[in-house]
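So in our numbering, spot 81 of the sequence shown is number 186, and the numbers just go up one at a time.
Even for Gly, the Cβ is constructed at its ideal location relative to N, Cα and C.
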Amino acid sequence: NGRVEIPFPDHFIAVTSGQGITATLTPLSAESRGLAVVEKGPRRIVVQELAGGKGNYEFDYMVMAVRSGYEDYQVIREKLEVPRVAEEGPGSNE
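Okay, structure coming up:
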């Protein structure tokens, strides 16, 4: 009918916070009118064919979410000032 519910496996639910869920879809049919994630939550996504399509074909998907305990993790951090240590070697006065 052009629509499918994909429940997440228990191990995925156990390690994710349910925030920042992103899904990428790739239809595996040249007859596809396109796909969209029409519902998403901490336990599942619902995928539907665009433009009222009723296709019955396979598609690839990848779901990503924020790992539990890392909701406020900052990937880019301010550079810390670290004092330089004098290099030792030929020509040094040490």
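Notebook entry, point to check: Would DSSP call D165 helix, strand or coil?
Noted result: strand
Checklist line | Cβ contact check for the region 121-140 and the region 153-162: 3 or more pairs under 8 Å | finding: yes
Next item on the list: Sort out for me which residues DSSP pairs Q153 with in a bridge.
Entry: R108, A141
Note to self: Only counting the same chain, and skipping five residues up and downstream in sequence, which positions put a Cβ closer than 6 Å to that of T127?
What the structure shows: M169
Check: To the nearest angstrom, how far is it from the Cα of E183 to the Cα of G107?
Finding: 47 Å
Check: Would you say the region 137-146 touches the region 171-179, given that touching needs at least three Cβ pairs under 8 Å?
Finding: no
Next item on the list: Pull up the CB-CB distance for I181 and P147, whole angstroms please, since I reckon it's below 8 Å.
Entry: That belief does not hold up - the Cβ atoms of I181 and P147 are roughly 27 Å apart, past 8 Å.
Notebook entry, point to check: Cα-Cα, which of D115, S137, E192, Y166 is closest to A156?
Noted result: S137
Next item on the list: Would you decide whether T121 is buried or exposed? Buried here means 16 or more other CB atoms lie within 10 Å of its CB.
Entry: buried
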